[in-house]
Amino acid sequence: MLSDALSEEDLSLVHALQISPRASWTALGEVLQSSPAALAARWSRLRDAGLAWVTVHPMVRGPSTQMAFVEVDCLPTHRDAVVATLCRVPEILTIEVSARGRDLLLTVVTHDWFALSELVLTRLQVDGVLRHRTSLVTDIHLEASDWRLDALSRGQALAVGRIEPPAPTVPTSVSAVETALIDPLAHDGRLGFAELARLTQRNPATVRRQFARLAGSRIMKFRCEISQESSRWPISCTWFCRVRPDHVSETAGLLQSIPEMRGCFSTTGESNFMFIVWARSVKDLLRIEKKVAEAQPSLRFLDSAVAFATPKRIGWLLDRAGCTTGDVVVPAF
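So for the sequence shown, the UniProt record's numbering puts the first residue at 1; every next one is plus one.
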């Protein structure tokens, strides 16, 4: 099992980077009681093995950003080819292969409404795709970057959260000069300013200023991810539900307290509410469903989709074990 590959120290480091993805090894060492060199070596091992990575993705709560979940049905003989084609679409951040109800579940993020319409109406016309159904996200109650491994103590988590300085003032706009930093950061979100300067052939001091402006623009978000099998929550399941409009806020608040919760969204369609969990086992899904039902009796479960595989997550292409292949399709910003 891949979960055996990660020690408690490994999980603690990944948890810390979930909270503060670009924190220095020195600052993290004080919290984790480890030397900066040891932490750097540990992270290098995890990253090289494809077990964990830091990247950037579009800020899904942007003023014009559009997010949607698209269910895709394929010809059985074409599924692998369809997946390979869709993995190359930058606006498709994540692809899951579902156990039932749909062949694929896509997470789509575009910078505006026109781009979303063009993707759904034109670019999903791929050979082997039979049909697709789109649920537009009308509100984001919880996103996967909020999920934590729960490997740190509460005190440690709070200490890590205090490491990074407050975000700079939001500029009115960013230019292509600043956004050129996104590509290298998508491949390695922990790149230092010297390495960013080398990759972009710029002065380190200039890169530092451009990075601050880009980070302040709120168009991107840093995120530390982990191979799901290695996280000790190897089962991913998405529930499609119906919630009364006047119960949405209450329901979202209740679900956010469940440790396994990886995402919670209001959507259009018959199922106007979706939530995603990572569970320890298939049997554990029943416990989570019962817990949700007891917390909010008015919620109606319409369907659920367990993922057999995740070929792509936040732009990174993964192998069948959920580890990175080193191939990154930088999301559209």
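A virtual CB, placed ideally from N, CA and C, is assigned to each residue, including glycine.
For the set 259, 66, 204, the Cα lying nearest the Cα of residue 151 is the one of 259. Of the candidates 295, 47, 27, 21, the residue whose Cα lies closest to the Cα of residue 325 is 47. Less than 8 angstroms divides the Cβ of residue 5 from the Cβ of residue 51. Residue state for residue 317 is assigned as strand, using DSSP reduced to three classes. By DSSP's assignment, residue 106 forms a beta bridge with 70, 95. In the structure shown, residue 174 adopts coil according to DSSP, grouped into three states. Within the same chain, Cβ atoms closer than 7 angstroms to the Cβ of residue 268 are found at 135, 136, 138, the five residues on either side in sequence being excluded. Its chain contains 317 as the residues whose beta carbon lies nearer than 6 angstroms to that of residue 327, once the 5 sequence neighbours on both sides are disregarded; these appear in chain order.
For residue 15, the uninterrupted alpha helix (DSSP H) segment begins and ends at 8–19. A direct Cα-to-Cα measurement between residue 217 and residue 75 gives close to 42 angstroms.
Our two residues, residue 322 and residue 299, have alpha carbons roughly 32 angstroms apart in a direct line. When rounded, the separation of the alpha-carbon atoms in residue 262 and residue 278 is 7 angstroms.
Around the beta carbon of residue 231, a 10 Å sphere encloses 16 or more other beta carbons of the protein chains shown; the residue is thus reported as buried. When beta bridges are read from the DSSP output, residue 324 appears opposite 318. Within its own chain, the residues whose Cβ lies closer than 6 angstroms to the Cβ of residue 199, once the five positions on either side in sequence are excluded, are 184, listed in chain order. Distances from the CA of residue 73 to each of 314, 101, 175, 118 were compared; the closest alpha carbon is that of 101.
For residue 135, the enclosing beta strand (DSSP E) begins and ends at 129–142. In the DSSP secondary-structure assignment, residue 220 is bridged to 58.
In the three-state reduction of the DSSP assignment, residue 262 falls in the strand class.
Residue burial annotation: residue 275 is buried, with at least 16 other C-beta atoms found within 10 angstroms of its C-beta.
Here residue 235 is bridged, per DSSP, to 279. Secondary structure of residue 52 (DSSP, three-state): strand. Comparing alpha carbon positions, the residue from 222, 314, 295, 18 closest to residue 149 is 18. When C-beta atoms of the region 295–309 are compared with those of the region 88–100, three or more pairs fall below 8 angstroms, so the two segments count as touching. At the C-beta level, residue 116 and residue 129 stay beyond 8 angstroms of one another.
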